[in-house]
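Residue numbers (the working numbering): 994 to 1183.
Set out below in structure tokens:
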């Protein structure tokens, strides 16, 4: 009796063909499903990263420009050195490609200045005497429609500088567009 049981145990070592087909079909169904779910999650994470990066760069550039104007701005000049937005109801919007200089120091005839400009697909910060140029955004995002202008309502109010631009990021499928616009008072203006 014990010998027969042992013989039966040794005969049943492998799986049947039917069991093998069931296991293979389960793998054939589950593996593509798992990979599809993982690729969808990764795509969404990449899209979220693009949105966060575009927002971070747009906010950082806007914050830097506002802080520079508030802390150091004294006067506004065009590219030829003519004062702008000094009189009541005065407005100035430079033509595309011209610089909009914000003067830092006017003492002793010293006109140290800086300006912001769209340089290719980025926003550039250029400071004069000697000229130092820095990019405020990277090539991960694209800056379009950069515009800077100023106006003054009355002689009793300081000039107001208006800055607007659009940050755009593309992930190959979707395009993320974030518009930015702000107004900054030139507090130290005469």
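Even glycine gets a Cβ: it sits at the ideal position worked out from N, Cα and C. On a predicted model such as this, the values are computed, not experimentally measured, just so you know.
Check                                                                                                                                                                        : Outcome
Put residue 1157 into one of helix, strand or coil per three-state DSSP.                                                                                                     : strand
Between the C-alpha atoms of residue 1058 and residue 1070, what's the straight-line distance to the nearest angstrom?                                                       : 17 Å
On the premise that residue 1124 lies in contact with residue 1159, defined as a C-beta separation below 8 Å, what is that separation, rounded to the nearest angstrom?      : Not confirmed; about 27 Å, so no contact.
In angstroms with no decimal places, state the Cα-to-Cα distance between residue 1079 and residue 1170.                                                                      : 35 Å
Compare the beta carbon distance of residue 1121 and residue 1106 with 8 Å and say whether it is the shorter of the two.                                                     : yes
For residue 1119, tell me which candidate among 1061, 1175 and 1016 has the shortest Cα-Cα distance.                                                                         : 1061
Taking the Cβ atom as the reference point for each residue, do residue 1148 and residue 1081 lie within a distance shorter than 8 Å?                                         : yes
I need the DSSP call for residue 1080, collapsed to helix, strand or coil.                                                                                                   : coil
Starting from residue 1058, trace the alpha helix (DSSP H) in both directions and tell me its first and last residue.                                                        : 1010 to 1065
Just the Cα atoms here: how many angstroms apart are residue 1165 and residue 1074?                                                                                          : 44 Å
Looking at the structure shown, is residue 1177 part of a helix, part of a strand, or coil, going by DSSP?                                                                   : strand
Looking only at its own chain, which residues have a Cβ that is under 6 Å from the Cβ of residue 1134, when we skip the five neighbours before and after it?                 : 1047, 1050, 1160 and 1162
Look up residue 1148 in the DSSP assignment and say whether it is helix, strand or coil.                                                                                     : coil
Can you tell me where the beta strand (DSSP E) with residue 1119 in it begins and where it stops?                                                                            : 1115 to 1120
May I ask you to report which of helix, strand or coil DSSP gives residue 1070?                                                                                              : strand
Using 8 Å for Cβ pairs, my map puts residue 1111 next to residue 1139. What's the rounded Cβ distance?                                                                       : 4 Å
For residue 1181, collect the residues of the same chain with a Cβ closer than 7 Å to its Cβ; drop the 5 residues on either side in sequence, then sort them by chain order. : 1066 and 1067
Would residue 1129 and residue 1141 be called neighbours here (beta carbons separated by less than 8 Å)?                                                                     : no
Pick helix, strand or coil for residue 1171, following the three-state DSSP scheme.                                                                                          : strand
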